[in-house]
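Enquirer: Just dropping this structure here.
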Amino acid sequence: MPELPEVETVRRGLQPVLEGARLVRVEARRPDLRFPFPARFSERLTGKTITALGRRAKYLTMQLDGGPVLICHLGMSGSFRIEAADGNETPGTFHHERSKSSTHDHVVFDVETAAGARSRVIFNDPRRFGFMLFAEGVPDTHPMLTGLGVEPTGNALDGALLASLLKGRRSPLKAALLDQRLIAGLGNIYVSEALWRAGLSPLREAGTIAKAGKKASEQAERLAEAIRSVIADAIAAGGSSLRDYVQTDGSLGYFQHSFAVYDREGEPCPKPGCGGHIERIVQSGRSTFYCRTCQR
DNA sequence: CTGGGGCCCTGTGTGC
DNA sequence: TGCACACAGGGCCCCA
Numbered sequence: 001m002p003e004l005p006e007v008e009t010v011r012r013g014l015q016p017v018l019e020g021a022r023l024v025r026v027e028a029r030r031p032d033l034r035f036p037f038p039a040r041f042s043e044r045l046t047g048k049t050i051t052a053l054g055r056r057a058k059y060l061t062m063q064l065d066g067g068p069v070l071i072c073h074l075g076m077s078g079s080f081r082i083e084a085a086d087g088n089e090t091p092g093t094f095h096h097e098r099s100k101s102s103t104h105d106h107v108v109f110d111v112e113t114a115a116g117a118r119s120r121v122i123f124n125d126p127r128r129f130g131f132m133l134f135a136e137g138v139p140d141t142h143p144m145l146t147g148l149g150v151e152p153t154g155n156a157l158d159g160a161l162l163a164s165l166l167k168g169r170r171s172p173l174k175a176a177l178l179d180q181r182l183i184a185g186l187g188n189i190y191v192s193e194a195l196w197r198a199g200l201s202p203l204r205e206a207g208t209i210a211k212a213g214k215k216a217s218e219q220a221e222r223l224a225e226a227i228r229s230v231i232a233d234a235i236a237a238g239g240s241s242l243r244d245y246v247q248t249d250g251s252l253g254y255f256q257h258s259f260a261v262y263d264r265e266g267e268p269c270p271k272p273g274c275g276g277h278i279e280r281i282v283q284s285g286r287s288t289f290y291c292r293t294c295q296r
């Protein structure tokens, strides 16, 4: 479900509860998610203190004092929620379809802070496309993370870098931006949104915005800026809440109200003066939303 | 190497 | 109301 902004929102929600806390009990309620849980999953985590909760692309990384790094991926439908240690909901917490949720509660982490406060963090994932793995030592050395490209946060992704990444690529721009080896963390929603902000067609051959020349470099700069801004805006909004997605405290991100094109087939293009309409097409088996009038 | 398609899994919405 | 089908935010794997 979640793209980079949603994973970052989850990380920020979990951080106050997990960072510096000790895992007093870990329970995997089934043998596998997308992949089998690592051998001795619970045993290797129990008793360890979480020194840092990080994120790389769409992966959460949990650093453990004197232990492995736990790498978590939320897949399409994974979410975390925080409860009081006794399983009662914390005051003010809200969950949709409480009973249905618990049938897909696959992992339970019971944690205790140095001051002795306990809480419970639960991983729920109906489709089970999520997974949890161990990295020994530095998480970036895990095979799942080694090939990942540049983060679209911060200022690292500029026009020149983007142009070098897209140079010579024959695939459609949409596919290139979804390729985690180039830019890590973009997914189906934010690619459509970034391309609209940049005024570029998802069907364009990726390499054509990287050719030498003033126009191409302007387009690469515009696209890099669009990617950085849409990701930053979405993180600031707490991510997007579609379907049953909620943050760790049960509240809703609100960036979906800011979508220009995603899931807006047939609506007028929001660009002032454009006059076009949003279309839905399918690329590599997945929906793309764009305006053919202002995205060329 | 690259790009494209199938597949993993469950839930929800739509149209007949 | 029932049922079939399309579709859903991801990424691995295999094939050409």
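Position one of the first sequence corresponds to residue 1 (the UniProt record's numbering), numbered consecutively onward.
We put the CB at the ideal spot given by N, CA and C, even for glycine.
(1) Decide if the stretch 30–44 is in contact with the stretch 206–223; the criterion is three or more beta carbon pairs, one per stretch, under 8 Å apart.
(2) When DSSP builds the beta bridges, which residues end up paired with Glu112?
(3) What separation, rounded to the nearest whole angstrom, lies between the Cα atoms of residue 309 and Thr153?
(4) Have a look at Arg22 and Phe35 and give me their C-alpha separation to the nearest angstrom.
(5) Cα-Cα, which of Val24, Lys58, Met62, Leu60 is closest to Thr46?
(6) Based on Cα-Cα distance, which residue from Pro16, Ala237, Pro5 lies nearest to Arg118?
(7) For Val138, name the three-state secondary structure that DSSP assigns.
(8) As a quick exercise: from His257, Arg280, Arg296, pick the residue whose alpha carbon is nearest that of Cys274.
(9) If you draw a straight line from the C-alpha of Met76 to the C-alpha of Glu3, how long is it?
(10) Which partner residues does Gln247 have in the DSSP bridge list?
(11) Is it the case that the Cβ atoms of Pro126 and His104 are separated by a distance below 8 Å?
(12) Should the stretch 165–184 be regarded as contacting the stretch 245–264, the criterion being three or more beta carbon pairs within less than 8 Å?
(13) Around the Cβ of Pro68, are there at least 16 other Cβ atoms within 10 angstroms (buried) or fewer (exposed)?
(14) From which residue to which residue does the beta strand (DSSP E) around Leu64 run?
(15) Does DSSP put Pro31 in a helix, in a strand, or in coil?
(16) For Cys291, write down the residues that DSSP places opposite it in a beta bridge.
(17) Who are the Cβ neighbours of Arg222 in its own chain at under 6 Å, not counting the five residues just before and after it?
(18) Is Phe80 helix, strand or coil when you go by DSSP?
(19) Going by beta carbon distance, what residues of the same chain come within less than 8 Å of Lys48, once the five residues before and after it are set aside?
(20) Starting from Gly227, trace the alpha helix (DSSP H) both ways and give me its first and last residue.
(21) Check the DSSP bridge columns for Val150 and list the partner residues they point to.
(22) Just mark Ser192 as buried or exposed, buried being the case when its beta carbon has 16 or more other beta carbons within 10 Å.
(23) Along the beta strand (DSSP E) that carries Ala52, what are the first and last residues, could you check?
(24) On the DSSP bridge assignment, give the partners of Arg286 in chain order.
(25) Between the beta-carbon of Pro202 and the beta-carbon of Tyr290, is there less than 8 Å?
(26) With DSSP as the reference, identify every bridge partner of His73, one or two as the case may be.
(27) Using the DSSP secondary-structure output, state which residues sit across from Pro172 in a beta bridge.
(28) For Leu195, which of Lys167, Gly213, Ser229 has the nearest alpha-carbon?
Expert: Walking through what the data contain:
(1) Contact fails: fewer than three Cβ-Cβ distances are below 8 Å.
(2) Answer is Arg22, Arg118, bridged to Glu112.
(3) No answer is possible for residue 309: it lies beyond the span of the chain, which begins at 1 and ends at 296.
(4) So the alpha carbons of these two residues sit roughly 26 Å apart.
(5) The residue with the shortest Cα to Cα distance from Thr46 is Val24.
(6) Out of Pro16, Ala237, Pro5, Pro16 has the C-alpha closest to the C-alpha of Arg118.
(7) Reduced to three states, the DSSP call for Val138 is coil.
(8) Answer by Cα proximity: Arg296.
(9) If you take the alpha carbons of Met76 and Glu3, they lie about 9 Å apart.
(10) Beta-bridge pairing links Gln247 to no other residue.
(11) Yes, the Cβ-Cβ distance between Pro126 and His104 is below 8 Å.
(12) Taking one beta carbon from each stretch, the stretch 165–184 and the stretch 245–264 have fewer than 3 pairs nearer than 8 Å; the two do not touch.
(13) Around the C-beta of Pro68, 16 or more other C-beta atoms lie within 10 Å, and the residue is accordingly described as buried.
(14) Judged by DSSP secondary structure, Leu64 falls within the beta strand (DSSP E) whose first and last residues are 59–64.
(15) Coil.
(16) Under DSSP, the beta-bridge partners assigned to Cys291 are Ile278.
(17) Here the set comprises Ala198.
(18) Looking at Phe80 - three-state DSSP - the assignment turns out to be strand.
(19) Around Lys48, the same chain offers Arg22, Leu23, Leu64, Asp65, Gly66, Gly67 as residues with beta carbons nearer than 8 Å, after the five sequence neighbours per side are excluded.
(20) Before going on, a small fix: residue 227 reads as Ile here, not Gly. In the DSSP assignment, Ile227 falls within the alpha helix (DSSP H) that extends over 214–236.
(21) Beta-bridge analysis with DSSP links Val150 to Ile183.
(22) Under the 10 Å beta carbon count, Ser192 is surrounded by 16 or more other beta carbons and is classified as buried.
(23) Where Ala52 is concerned, the enclosing beta strand (DSSP E) starts and stops at 50–56.
(24) In DSSP, Arg286 forms a bridge with Gln283.
(25) Between Pro202 and Tyr290, the CB-CB gap stays under 8 Å.
(26) Tyr59, Phe131.
(27) Listed as beta-bridge partners of Pro172 by DSSP are Glu205.
(28) Looking at the Cα atoms, Ser229 is the closest of the given residues.
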